[in-house]
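**Student:** Just so you know, the working numbering puts 301 at position 200 of the sequence shown, and the rest follows in order with no gaps. Quick reminder that beta carbons are idealized off the backbone N, C-alpha and C, glycines included. For reference, the structure I am asking about is given below.
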Amino acid sequence: MARTITVASGKGGTGKTTITANLGIALTQLGYDVTIVDADITMANLELMLGMEGLPVTLQNVLAGEAKIEEAVYVGPGGVKVIPAGVSLEGLRKANPEKLEEVLTRIIGSTDILILDAPAGLERSAIIAIAAAQELLLIVNPEIASITDGLKTKIVAERLGTKTLGAVINRLTGWGIDMAKSEIEAILETKVIGIIPEDPEVRKSAAFGKPVLLSAPNSPASIAIRELAYAVAGKKKELAAQSKAKKESAISKMLKVFRRKR
Ligand SMILES: Nc1ncnc2c1ncn2[C@@H]1O[C@H](COP(=O)(O)OP(=O)(O)OP(=O)(O)O)[C@@H](O)[C@H]1O
Ligand SMILES: [Mg+2]
């Protein structure tokens, strides 16, 4: 049975897709069978970042009931398995995002770690991606707006029964303008399990559709992402000990949250 981890953030552009792609590859390099899923079907950036655009069957087709999830799994760079979202607007119209957890259930027996790249914010599609996973990896930038929005995401995730695996500080500049790790941990009430520096190699790689971990494996960001992979792999036991006997279905958890809002 796979671990399911949602990579999410409050604010957009914190680095979720970059981290999903490269963490997936780093965990594959550690010997795990890893599947990364683009759960951001309206934006579908993961396939572009991996240079895998234009694939015939995507998550959109699966969520539209036109294909089986197994048909949308591809082997990507570094051997990581990838489920792309698909970029067609027509496909987007037909897709039913509420089916996400149900379709993912079919593949959790055939992989060790399933990582979901969630949409930003707390719109319904983001809630669905958070609810569909057991663990939340919260991506923040070291600035106050990113942290306060991240806190909202964490609170909603906890209401949904998704445990916080930890936070990752991405784009640390070291210019004396970053919020301190201790301050971030105090606000978020969670451990920071990874710190990824601002690194021009990340954007350069993205521009060429190649993950930084493969195009610049010795760059500071790549080294930090490999350290994050060790931390994620090592967290398994700790979380399993706290884990609830049975996970509620995403839909029933979602309904609870929506009811509480009213
Ligand atoms: N550590 C880093 N150093 C430099 N640039 C980075 C770093 N991490 C991410 N970026 C750049 O920041 C931009 C946003 O990253 P990314 O697309 O991964 O964020 P996102 O959270 O998935 O965004 P969205 O909310 O739009 O889905 C990209 O141009 C990416 O190359
Ligand atoms: Mg993204």
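1. Using CA coordinates, which residue listed in V257, I245, G251 is at the minimum distance from A233?
2. I'd like to confirm the pairing. Which residues does DSSP put opposite N271 in its beta bridges?
3. Which runs of the alpha helix (DSSP H), 4 residues or longer, sit entirely within the stretch 183-243?
4. At what residues does the beta strand (DSSP E) containing D139 begin and finish?
5. Using only alpha-carbon positions, find the residue among L147, I208, G180, T212 that is nearest to A219.
6. Does at least one heavy atom of ligand 1 sit under 7 Å from the Cβ of V303?
7. Beta-carbon within less than 6 Å of G179's beta-carbon, same chain only, minus the 5 sequence neighbours each way: which residues are those?
8. Just the C-alpha distance for L252 and I120, rounded to the nearest angstrom, thanks.
9. If you draw a straight line from the alpha carbon of F309 to that of A230, how long is it in whole angstroms?
10. Note down the Cα distance separating T107 from A268, rounded to an integer number of angstroms.
11. Measuring CB to CB, does E290 end up less than 8 Å from L266?
12. For N123 and V313, I'd like the C-alpha separation in whole angstroms.
13. If you draw a straight line from the C-alpha of Y175 to the C-alpha of I245, how long is it?
14. Would G177 and V183 qualify as a contact pair, given that the criterion is a beta-carbon distance under 8 Å?
15. Residues in the same chain with beta-carbon distance under 8 Å from L223, minus the five sequence neighbours each way, listed in chain order, please.
16. Whose C-beta lies closer than 8 Å to the C-beta of E328 among residues of the same chain, with five residues either side of it excluded?
17. For M153, I'd like the list of residues in its chain whose CB is within less than 7 Å of its CB, leaving aside the five on either flank, ordered along the chain.
18. Do Y133 and I214 have their C-beta atoms closer together than 8 Å?
19. What's the gap between the Cα of R292 and the Cα of E286?
20. Please return the same chain residues whose Cβ sits closer than 8 Å to the Cβ of A334, not counting the five positions on each side in sequence.
**Tutor:** For this structure:
1. V257
2. I297
3. 190-195, 201-206, 225-232
4. 135-139
5. L147
6. yes
7. I126, T129, L315
8. 19 Å
9. 28 Å
10. 12 Å
11. no
12. 7 Å
13. 38 Å
14. yes
15. G111, K253, T254, V257
16. G295
17. Y175, G177, V183, P185
18. yes
19. Note that residue 292 is Lys in the sequence shown, not Arg. If I take the Cα positions, the gap works out to 6 Å.
20. L128, L131, Y133
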